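**Q**
In structure tokens, the structure reads:
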């Protein structure tokens, strides 16, 4: 039981490295106690809903990790309930690497950044594609955004972890810079 992200991420090999580097004792306590960090709360929902982009990692049939950027207007990534995130997947470069990988292995990891506030949220989960005939796709629509929706992706959250701000360089969007200079 305990911290669900630690259960997923702290494999025996990771634990051996933590022991070797002297951090194991501090992280070992995360694995005990009641299950936590497996259901999104209000602060996670607010953070997720404010993103206009994120990174998604999938696993290929050959075992190689693959990371891809996804973007859209703020709010296109949505918390549907405490264990489910969804987003409309817009037409892009037509390589279909992520969705092809997900068809073979549904394990993914989302990496969400807030550069100005030096905050990041990591979310491993299980993804499934939904098509235009699925009623859930309507919940993921983004009115007024002109990109073509190819599919939706629903992610069952397995765990999450907030990460420290150390080494995150603040970066700002053009919209954020314009708003700051408008004062």
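In full-length UniProt numbering, the protein residues as written are 1 to 183.
Ideal Cβ placement from N, Cα and C applies to all residues, glycine included.
Quantities reported herein were computed from a predicted structural model and do not represent experimental measurements.
#1: Kindly indicate which three-state DSSP category residue 81 falls into: helix, strand or coil?
#2: For residue 48, which of 80, 127 and 91 has the nearest alpha-carbon?
#3: Would you mind reading off the limits of the alpha helix (DSSP H) that contains residue 16?
#4: Could you tell me the boundaries of the beta strand (DSSP E) in which residue 111 lies?
#5: Would the segment 62-77 and the segment 118-127 be scored as touching if the rule is three or more Cβ pairs under 8 Å?
#6: Mind checking who residue 134 pairs with in its DSSP beta bridge?
#7: Roughly how many angstroms separate the alpha carbons of residue 117 and residue 170, rounded to a whole number?
#8: Between the Cα of residue 84 and those of 38, 71, 114 and 69, spot the shortest distance and give me the residue it belongs to.
#9: Enumerated in chain order, which unbroken segments of the alpha helix (DSSP H) with a length of 4 residues or greater are wholly contained in the segment 29-100?
#10: State buried or exposed for residue 34, treating a residue as buried only when at least 16 other CB atoms are found within 10 Å of its CB.
#11: My guess is that residue 140 and residue 152 are in contact by the Cβ rule of under 8 Å, so how many angstroms apart are they, rounded?
#12: As a quick exercise: from 8, 108 and 104, pick the residue whose alpha carbon is nearest that of residue 68.
#13: Would you call the CB atoms of residue 91 and residue 138 closer than 9 Å?
#14: Could you give the distance in angstroms between the alpha-carbon of residue 6 and the alpha-carbon of residue 17?
#15: On the DSSP bridge assignment, give the partners of residue 127 in chain order.
**A** Reading off the structure:
#1: strand
#2: 80
#3: 12-21
#4: 107-114
#5: no
#6: According to DSSP, which records beta bridges pairwise, residue 134 is partnered with nothing at all.
#7: 7 Å
#8: 38
#9: 42-49
#10: exposed
#11: 5 Å
#12: 108
#13: no
#14: 14 Å
#15: 155
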